[in-house]
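Just below is one structure, and these are the notes that go with it.
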Amino acid sequence: AFEVLIIGGGPAGASAAIYAARKGISTGIAAERFGGQVADTMGIENLISVPYTEGPKLVAAMEQNVKEYDVDIMNMQRAEKLIPASRPGMLHQVRLENGATLKARSLVLSTGARWRQMGVPGEEEYRNKGVAYCPHCDGPLFKGKRVAVIGGGNSGVEAAIDLAGIVGHVTLIEFGAEMRADEVLQKKLRSLKNVEIITSGQTTEITGENGKVNGLNYTDRKSGEQHHISLEGVFVQIGLVPNTEWLKGDIELSQHGEIIVNDRNETSIPGVFAAGDATTVPYKQIVISMGEGSKAALSAFDFLIRNSVD
Ligand code: FAD
212 AFEVLIIGGG PAGASAAIYA ARKGISTGIA AERFGGQVAD TMGIENLISV
262 PYTEGPKLVA AMEQNVKEYD VDIMNMQRAE KLIPASRPGM LHQVRLENGA
312 TLKARSLVLS TGARWRQMGV PGEEEYRNKG VAYCPHCDGP LFKGKRVAVI
362 GGGNSGVEAA IDLAGIVGHV TLIEFGAEMR ADEVLQKKLR SLKNVEIITS
412 GQTTEITGEN GKVNGLNYTD RKSGEQHHIS LEGVFVQIGL VPNTEWLKGD
462 IELSQHGEII VNDRNETSIP GVFAAGDATT VPYKQIVISM GEGSKAALSA
512 FDFLIRNSVD
């Protein structure tokens with residue numbers, strides 16, 4: 212059995228593994244795909260002290276960093292069930308898809324999240340070539356250009372306000388008859404001169420040429436008319452889905468499916484901690500996940516020294 216078992220090998224999990232191993236306790240990390248969302252990322256410009264890197268490069272560096280320590284890395288292992296300890300200090304169990312069961316005195320859950328996609332032609336093809344999901348990450352790449360934001364909920368409207376200060380022009384497209392964001396955000400958005408808001412708009416295709424986005428097509432759901440907009444970027448903001456389906460019923464989740472954590476990364480189960488995009492921590496970013504992973508590991512260590520049953 213491990214003293215700390217980490218589920219998920221993105222920035223949060225890698226950071227938790229290093230912090231746990233540096234305490235000299237037995238540490239394991241099981242991940243469906245080591246690297247997580249970072250593996251799907253092109254340029255990264257907001258990892259402090261690293262002015263520019265690329266996803267696969269950062270994944271290799273994270274892996275090398277983890278391997279400098281005595282950490283049991285179990286890659287390509289998908290967790291499918293959590294069986295909490297019968298009482299604090301006893302062993303938790305995690306059942307893997309391959310049928311094996313891992314045991315540990317404490318757990319750090321860091322299974323991350325995935326962006327909800329529109330599922331329209333061109334979205335996958337032009338991902339990272341004009342189709343973006345993270346305004347904090349990719350907004351500056353569209354300086355002075357024309358972009359669309361898909362989705363009029365809080366994240367879409369916040370993204371549109373944020374982008375309006377950087378890019379040349381923003382078109383926000385909301386599927387419903389009205390935006391769903393908080394009124395204060397909608398008001399702020401309407402006050403911006405370089406923003407157009409389209410409601411009852413269903414995006415049907417992202418178009419491009421020479422391997423780059425050059426526009427999008429949408430249907431006006433009221434009139435049924437088709438429209439084309441020329442632009443260079445599309446930010447899809449229709450939700451971030453936490454990878455926590457496997458935890459449902461065993462641990463407390465928010466209404467959005469995020470693992471509820473407090474400021475010490477404790478979950479509803481003693482000895483089970485969580486970190487990163489899978490949790491209720493606000494703002495989903497690499498530096499934040501790394502910070503949260505290290506906090507979760509330190510909390511796990513604290514738990515272990517207080518609940519030693521030996
Ligand atoms: P993730 O990176 O999602 O990692 C989750 C880990 O858990 C993976 O190893 C996954 O395989 C594993 N996993 C999931 N389910 C299971 C399971 N059931 N069993 C076992 N393992 C499981 N942030 C920035 O700061 N800067 C950027 O420039 C930036 N650009 C981005 C670009 C793109 C295209 C995307 C998608 C995201 C970007 N982000 C960026 C966000 C950033 O990648 C995330 O905030 C960060 O990766 C979250 O780290 P995490 O460790 O919490 O989760």
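Read in order, the letters of the sequence shown correspond to residues 212 to 521 in full-length UniProt numbering.
By construction, the Cβ of each residue, glycine as well, lies at the ideal position given by its N, Cα and C atoms.
None of the values given here were measured: they were computed from a predicted structure.
Since Phe-446 sits in a beta bridge, which residues does DSSP pair it with?
Ala-343, Val-360
For the ligand FAD, I want to know if Pro-222 counts as a neighbour, meaning its beta carbon is within less than 7 Å of at least one of the ligand's heavy atoms.
yes
How about Ala-241 and Val-215: do their beta carbons lie closer than 8 Å?
no
Alpha-carbon to alpha-carbon, Arg-298 and Ile-255:
42 Å
Thr-455 and Val-472: beta carbons closer than 8 Å?
no
Comparing C-alpha positions only, which one of Arg-357, Val-368, Thr-478, Lys-495 sits nearest to Gly-341?
Arg-357
Met-253 to Pro-332, Cα distance in whole Å?
21 Å
Using the C-alpha atoms, what's the distance from Glu-308 back to Gly-458?
Gly is not the amino acid found at residue 458; the sequence shown has Leu there. If you take the alpha carbons of Leu-458 and Glu-308, they lie about 14 Å apart.
In terms of residues, what are the limits of the beta strand (DSSP E) holding Arg-306?
303 to 307
Grab the span of the beta strand (DSSP E) containing Gly-419 for me, first residue to last.
412 to 420
With 16 other CB atoms within 10 Å as the buried threshold, where does Ala-388 fall?
exposed
Is Val-331 near the ligand FAD, going by C-beta to nearest heavy atom under 7 Å?
no
Give me the residue from Gly-300, Gln-248, Leu-400, Tyr-429 with the minimum Cα distance to Cys-348.
Gln-248
Coil, strand or helix - Ala-242 by DSSP
strand
Can you list, in chain order, the stretches of the beta strand (DSSP E) that have 3 or more residues and sit fully within the stretch 441 to 498?
444 to 447, 451 to 453, 483 to 485
Residue range of the alpha helix (DSSP H) that Tyr-230 falls in?
222 to 232
In the DSSP assignment, what are the bridge partners of Asn-286?
Ala-242
Examine the Cβ distances between the stretch 408 to 427 and the stretch 381 to 396 and report whether three or more of them are shorter than 8 Å.
yes
Just to confirm, are Ala-223 and Ser-317 a CB contact at a threshold of 8 Å?
no
Return the first residue and the last residue of the alpha helix (DSSP H) that Gly-379 is part of.
No alpha helix (DSSP H) contains Gly-379, which DSSP labels as neither H nor E.
Going by DSSP, what residue range makes up the beta strand (DSSP E) through Val-424?
423 to 431
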